[in-house]
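Novice:
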Amino acid sequence: MRKVKNRTVSFMTSEEHHIDAFLAHHGADTRAHLALMLLLYTGQRRSDVVRMGRQHLRDNVLSIVQQKTGQDVHVPLHDDLREAINRLPLGMTFLVAAQGRPFTPARFTNWFREMVREVGLPDGLSPHGLGKATCRRRAEAGCTAHEIMAISGHRSLAEVTRYTVLASREDLATRAIASLDKTKAKTDVVKSAEAV
Numbered sequence: 000m001r002k003v004k005n006r007t008v009s010f011m012t013s014e015e016h017h018i019d020a021f022l023a024h025h026g027a028d029t030r031a032h033l034a035l036m037l038l039l040y041t042g043q044r045r046s047d048v049v050r051m052g053r054q055h056l057r058d059n060v061l062s063i064v065q066q067k068t069g070q071d072v073h074v075p076l077h078d079d080l081r082e083a084i085n086r087l088p089l090g091m092t093f094l095v096a097a098q099g100r101p102f103t104p105a106r107f108t109n110w111f112r113e114m115v116r117e118v119g120l121p122d123g124l125s126p127h128g129l130g131k132a133t134c135r136r137r138a139e140a141g142c143t144a145h146e147i148m149a150i151s152g153h154r155s156l157a158e159v160t161r162y163t164v165l166a167s168r169e170d171l172a173t174r175a176i177a178s179l180d181k182t183k184a185k186t187d188v189v190k191s192a193e194a195v
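If you're matching positions, the sequence shown starts at 0 in numbering that gives the first Met the number 0 and goes up one per residue.
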């Protein structure tokens, strides 16, 4: 007998206009802003983001062992994330609930979705969608799958491919054609030199 395949619902990926609207609504001095910065610039799961704190920082590198995979990741701080961390008075855990205690992963997701609703963005946007956006952004910036894996902590190319397939195909196609033109130009130069 064949095993029945269950179709899982994919998380909505945060697009650039979603991210811009969120940041425009939630100012730089808010927990919501810091939460988005941590998710977007570390590419980590909610279960890791809610544990992050100053104890994970050394020489502008955030290092954490992922809770789900046990993968050890080291993420150099992007300037925007560093500014967000330095802007707020933070304890040992960067993100805390209103009562001053660290979030649980489930409570963090519920709270983050409330922040999304405040902006008027689609209900499907979640912390997981920002992880997907992080991988998409890096693919669009020309990062290799292995470079993306070094940040995200994914263990296989197949996992990263599921996320990076969302990269702008138009931009990637333009870059691919441009690289062909560069290769052709180099080849033409070599042929003309041989002909002389």
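Built from N, CA and C at the ideal position, the CB exists for glycine as well.
(1) Using the C-alpha atoms, what's the distance from Val159 back to His153?
(2) Met11 by DSSP, collapsed to three states: which one?
(3) Is the segment 36-55 touching the segment 124-138, taking contact as three or more C-beta pairs under 8 Å?
(4) Where do the ends of the alpha helix (DSSP H) carrying Pro121 lie?
(5) Could you say which of His16, Arg30, Thr41, Gln54 lies nearest to Pro196 if we only look at CA atoms?
(6) What would DSSP say about His73, mapped onto helix, strand or coil?
(7) Which same chain residues end up closer than 8 Å to Arg81 when comparing Cβ atoms and leaving out the 5 residues on each side of it in sequence?
(8) Among the candidates Lys185, Gly141, Arg116, Leu87, whose CA atom is the shortest distance from the CA of Val164?
(9) Between the segment 65-79 and the segment 23-31, do at least 3 Cβ pairs fall closer than 8 Å?
Specialist: Taking the definition as stated:
(1) Along the sequence shown, read from residue 1 onward, the residue named residue 153 stands at position 154. Along the sequence shown, read from residue 1 onward, the residue named residue 159 stands at position 160. Spanning the two alpha carbons is a distance of roughly 6 Å.
(2) By 1-based counting over the sequence shown, the position of residue 11 is 12. Three-state result, Met11: strand.
(3) With a cut-off of 8 Å on Cβ pairs, the segment 36-55 is in contact with the segment 124-138, counting three or more such pairs.
(4) Stepping through the sequence shown from its first residue, residue 121 is reached at position 122. First-last for Pro121: undefined, no H or E at that position.
(5) The displayed coordinates of the chain run from 0 to 195. Any statement about residue 196 would go beyond what the structure contains.
(6) The count along the sequence shown starts at 1 and reaches residue 73 at position 74. His73 sits in a strand when the DSSP states are folded into three classes.
(7) Counted from its first residue, the sequence shown places residue 81 at position 82. If we look at Arg81 and ignore the five residues flanking it on each side, its Cβ neighbours are Asn59.
(8) Along the sequence shown, read from residue 1 onward, the residue named residue 164 stands at position 165. Taking only the C-alpha atoms, the option nearest Val164 is Gly141.
(9) The segment 23-31 and the segment 65-79 do not touch, with fewer than three beta-carbon pairs separated by less than 8 Å.
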